[in-house]
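Numbering-wise (this note's numbering), the sequence shown opens with residue 1 and increments by one. Even for Gly, the Cβ is constructed at its ideal location relative to N, Cα and C. Computed from a predicted structure; not experimentally measured. Presented below is the structure to which this report refers.
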Amino acid sequence: MRPPVASVFWRALCAALLALCLAQPALAAEAKKGAAPKRGILLVAFGTSLPEAVGAIDSLKAQAEAAFPGVPVRMAYSSRIIRDKIAGEGIVRRAPAQALADMAAEGFTEVAVQSLHAIPGKEFHDIIATARALEGMPKGIKKITVGLPLLSTPEDIKAAAEAILQSQPKRAKGEGLVLMGHGTEHPANAAYAALQLELWKKDPAVFIATVEDNPGLDDVILALKRQGLRGVVLAPLMSVAGDHARNDMAGGEDDSWASRLKAKGFAVRADLTGLGSRPAVAKLWIEHLKRAVQALDE
Ligand code: CO
Numbered sequence: 001m002r003p004p005v006a007s008v009f010w011r012a013l014c015a016a017l018l019a020l021c022l023a024q025p026a027l028a029a030e031a032k033k034g035a036a037p038k039r040g041i042l043l044v045a046f047g048t049s050l051p052e053a054v055g056a057i058d059s060l061k062a063q064a065e066a067a068f069p070g071v072p073v074r075m076a077y078s079s080r081i082i083r084d085k086i087a088g089e090g091i092v093r094r095a096p097a098q099a100l101a102d103m104a105a106e107g108f109t110e111v112a113v114q115s116l117h118a119i120p121g122k123e124f125h126d127i128i129a130t131a132r133a134l135e136g137m138p139k140g141i142k143k144i145t146v147g148l149p150l151l152s153t154p155e156d157i158k159a160a161a162e163a164i165l166q167s168q169p170k171r172a173k174g175e176g177l178v179l180m181g182h183g184t185e186h187p188a189n190a191a192y193a194a195l196q197l198e199l200w201k202k203d204p205a206v207f208i209a210t211v212e213d214n215p216g217l218d219d220v221i222l223a224l225k226r227q228g229l230r231g232v233v234l235a236p237l238m239s240v241a242g243d244h245a246r247n248d249m250a251g252g253e254d255d256s257w258a259s260r261l262k263a264k265g266f267a268v269r270a271d272l273t274g275l276g277s278r279p280a281v282a283k284l285w286i287e288h289l290k291r292a293v294q295a296l297d298e
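Pasting the structure below:
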């Protein structure tokens, strides 16, 4: 015969197990009813007002969809100026906050947001702030992760240098390549200098200049002359070949980069291919997205 203490123990254990068995289906049903996880992806580009430049963004979206079959992929533009401009032409692009609010209303519970910006500047930090503000709101999206821009970590910069060079067509002898970055007063502008260093390790005739900050085109003209280069290929260091690439870089106005270089005696060719349309570079953005999706499980 069992001592009374053990008997009480066994009876209690059986009662507990029975209660658990009875409760199990009810608990499972409760969990199901709570909210089946619904996963989505939001890509955030700066945006472009030029229909001929949208292809680069569409192609990144198609690659995201191919990487995650069955996961809905949405698109937002971070630039209000661009959104307002195209709204006048009847094209609606949502701001990141609006896009996330819409996804919450549609019942998405987990969203990986991927920045399609080149550097982690102001636009990117605004995405982080938006994601943090909207994550975990009542009846909202429970988890929001944010994937880094193209040129974020030292590994990114090495990989980008390689991808950019391998996706450039061969240049003639004596021809340099000048990549047009956007440039910003944000500290992330330093990413351009880091990329320049990696590019020079592989090809000393490749230069980065920016439209709006340092280094500028004049710095690069000095370097081109020092190397005795007489020809220049211009290409955008931006996800799309938009207004900056088509006008400020390759345009016919006297102050475009093409005109300024021609005035200095260089032979100039423009390559209007956005980084998003260069498969080796696009792949790096998609790898960042894969990390952001993985982080939803962490
Ligand atoms: Co600009």
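Please indicate yes or no: does the CB of residue 287 lie closer than 8 angstroms to some heavy atom of the ligand CO? Here residue 287 corresponds to residue number 287 of the sequence shown, with the count starting at 1. False, no ligand heavy atom lies under 8 angstroms from that Cβ.
Any heavy atom of the ligand GDP within a distance shorter than 8 angstroms of the CB on residue 240? In the structure shown, the ligand GDP is absent; the only ligands present are the ligand CO.
Excluding the five sequence neighbours on either side, which residues of its own chain have a C-beta within less than 8 angstroms of the C-beta of residue 284, listed in chain order? Locating residue 284 in the sequence shown gives position 284, where the first residue counts as 1. Excluding residues within five positions, the ones whose Cβ falls inside 8 angstroms are 150, 156, 159, 160, 163.
Cα-Cα separation, residue 63 to residue 282: Along the sequence shown, read from residue 1 onward, the residue named residue 63 stands at position 63. Along the sequence shown, read from residue 1 onward, the residue named residue 282 stands at position 282. So the two alpha carbons sit approximately 8 angstroms from each other.
Using the Cα positions of residue 275 and residue 231, report the straight-line distance between them to the nearest angstrom. As a first step, residue 275 must be located in the sequence shown, where it is residue number 275. As a first step, residue 231 must be located in the sequence shown, where it is residue number 231. Going by C-alpha positions, residue 275 is about 22 angstroms away from residue 231.
Based on DSSP bridge pairs, tell me the residues matched to residue 180. The residue given as residue 180 occupies position 180 in the sequence shown. Looking at the DSSP output, residue 180 bridges to 209, 236.
Does residue 259 come out as helix, strand or coil in the three-state DSSP assignment? Counting from 1 along the sequence shown, the entry for residue 259 is found at position 259. DSSP places residue 259 in helix when its eight states are reduced to three.
Rounded distance between the beta-carbons of residue 96 and residue 44, thought under 8 angstroms: By one-based count along the sequence shown, residue 44 stands at place 44. By one-based count along the sequence shown, residue 96 stands at place 96. For residue 44 against residue 96, the beta-carbon gap comes to about 5 angstroms, under 8 angstroms, which counts as contact.
For a test of the three-state rule: what should DSSP assign to residue 32, helix, strand or coil? Position 32 of the sequence shown, counted from the start, is the residue given in the question as residue 32. In this prediction, residue 32 has a pLDDT of 47, which is less than 50 and means its spatial position is unreliable; what the coordinates show is noted afterwards. Residue state, collapsed to three classes: helix.
With DSSP run on the structure shown, which of helix, strand or coil describes residue 141? For this step, residue 141 is matched to residue 141 along the sequence shown. DSSP places residue 141 outside both helix and strand once states are collapsed to three, so it counts as coil.
According to DSSP, is residue 172 helix, strand or coil? Position 172 of the sequence shown, counted from the start, is the residue given in the question as residue 172. Reduced to three states, the DSSP call for residue 172 is coil.
Tell me the residue span of the alpha helix (DSSP H) that contains residue 166. Taking the first residue of the sequence shown as position 1, residue 166 is located at position 166. In the DSSP annotation of this structure, the continuous segment of the alpha helix (DSSP H) that includes residue 166 starts and ends at 154-166.
Give, in chain order, every unbroken run of the beta strand (DSSP E) that is at least 3 residues long and sits entirely within the stretch 31-98. Counting only runs of at least 3 residues, the stretch 31-98 fully encloses the following beta strand (DSSP E) elements, listed from N- to C-terminal order: 39-45, 73-77.
I need the straight-line Cα distance from residue 52 to residue 109, nearest angstrom please. Here residue 52 is taken as the residue at index 52 of the sequence shown, counted from 1. Here residue 109 is taken as the residue at index 109 of the sequence shown, counted from 1. Each residue's alpha carbon lies about 35 angstroms from the other.
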